[in-house]
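Numbering (my numbering) for the sequence shown: 80 to 398. Heads up, the beta-carbon is just placed ideally off N, CA and C, and yes, glycines get one too. Since this is a predicted model, take the numbers as computed values, not measurements.
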Amino acid sequence: MGTQQVLAQAPAKINLALRVGPLRPDGYHDLATVYQAIDLHDQVRATLRSDPVVSVETVDRAGGPVAGVSDDHHHLAVLAAQSLRARGGVTAGVHLHVRKNIPVAAGLAGGSADAAAALLACMELWGLGLDRAELLGLAAELGSDVPFALAGETALGAGRGEQVRPLTTGMATTWLLISSAPGLATPSVYTQTDRMREGSAVLQPQPPHLPDDLLAAVRSGEVTRLGPLLHNDLQPAALHLRPGLANVLAAGRAAGSIAGLVSGSGPSVLLLVADDAHADAVAGAVTPVARAALNDVQLRTVHGPVAGARLVSRPSGSD
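1. When you compare only the Cα positions, how much space is there between V297 and Y114?
2. Which two residues bound the contiguous alpha helix (DSSP H) that contains R370?
3. Per DSSP, K92 forms a beta bridge with which residues?
4. Can you give the Cα-Cα distance for L155 and P104, rounded to whole angstroms?
5. My guess is that D109 and G238 are in contact by the Cβ rule of under 8 Å, so how many angstroms apart are they, rounded?
6. Measuring straight from C-alpha to C-alpha, what distance separates V99 and D312?
7. Thinking C-beta only, is V173 closer than 8 Å to L229?
8. Give me, in chain order, the residues of the same chain whose beta-carbon lies closer than 6 Å to that of H382; leave out the 5 immediate sequence neighbours on both sides.
9. Which of the three DSSP states is assigned to S259 in this structure?
10. For H399, which of G345, G331, L340 has the nearest alpha-carbon?
11. Leaving out five residues on either side along the sequence, give the residues of the same chain with a beta carbon under 7 Å from the beta carbon of A234.
12. Determine, using beta-carbon pairs with one atom in the segment 339–354 and one in the segment 257–267, whether at least three such pairs fall under 8 Å.
13. Between which two residues does the beta strand (DSSP E) harbouring T265 extend?
14. Looking at V177 and D151, is the spacing between their C-beta atoms short of 8 Å?
15. Between G106, P101, A165, V123, which lies nearest to P131 when the distance is taken from Cα to Cα?
16. Using only alpha-carbon positions, find the residue among G345, L308, G335 that is nearest to L66.
17. Per DSSP, what are the beta-bridge partners of D405 in this structure?
18. Distance check for D375 and S134, CA to CA, integer angstroms please.
19. Where does the unbroken alpha helix (DSSP H) through S162 begin, and where does it stop?
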């Protein structure tokens, strides 16, 4: 049955570009996106149980409770473990201890990272031998961003985001990430996007397409060339739902960031900078604006791309 306890981690994602097509009959939208994994990780420790129960406990970096996360059967890490157990014919249970570092409902796919880490940890714990294609297929059933959380690095996303193809780039990016609370629910942002499009000729959706100059910029590795091409079709809706984000983006431009955009469905803001020193300088100017416009603001410097979900350790003892 494998070891008694396994630790895995998975990264947050950002979208260098996110193009959103019309609403599909199944309730999803076709996407064309450039994903990038950043060095902000959640960890999942999977411990074998003697009964068939799948349980979960979620804590923050300090070991305290995490607002906005329910430790029940709706938790994406629990769904991942249950799906894997059904696929592998496993009868044993597991306890999942999730340590959150990625902000919740922040447009960074933290829930998807938890699911990806849980898949890897439980596959090792239960001694299952799914190949990569099987694992990615299972991930796609769990959520649109879960396959990318497994893949990491920089990649193209299609379909509803679950179709992932690696994108070769020599580009290393540095970002000032500004997160705030409360989060924005992804379905609400998509719904608002659809509403805004209904009343606007400018925002009418087209089949999603990534422009050639964007892909060339990513492949070139030139950050200053990428900056003007960053794009997010969900940004207008996020700004409508959280107007203070516009103040942060404006402050970032005024402070000399290369470019800025809302991360995914928000409300996190990403400011592209040249390096860590540039991030510190921009943060000094942006912090008072962000704290005046938003609640529970946190600023941190992050980098990409990084690897996808991976096993950290396979200890056989207790936590």
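Short version:
1. 11 Å
2. 355–372
3. A116
4. 24 Å
5. 7 Å
6. 6 Å
7. no
8. So the qualifying residues of the chain are D118, T253.
9. strand
10. With the chain represented from 80 up to 398, any question about residue 399 goes unanswered, as that position is not in the structure.
11. Y114, F227, V243, R244, P245, L246
12. The segment 339–354 is in contact with the segment 257–267.
13. Per DSSP, T265 belongs to no beta strand (DSSP E); it is in the alpha helix (DSSP H), 265–277.
14. no
15. Among G106, P101, A165, V123, the Cα nearest to that of P131 belongs to A165.
16. Not covered by the structure: residue 66. The range shown for the chain is 80 to 398.
17. Past the edges of the chain, shown from 80 to 398, lies residue 405, and the structure says nothing about it.
18. 29 Å
19. In the DSSP assignment, S162 falls within the unbroken alpha helix (DSSP H) covering 155–167.
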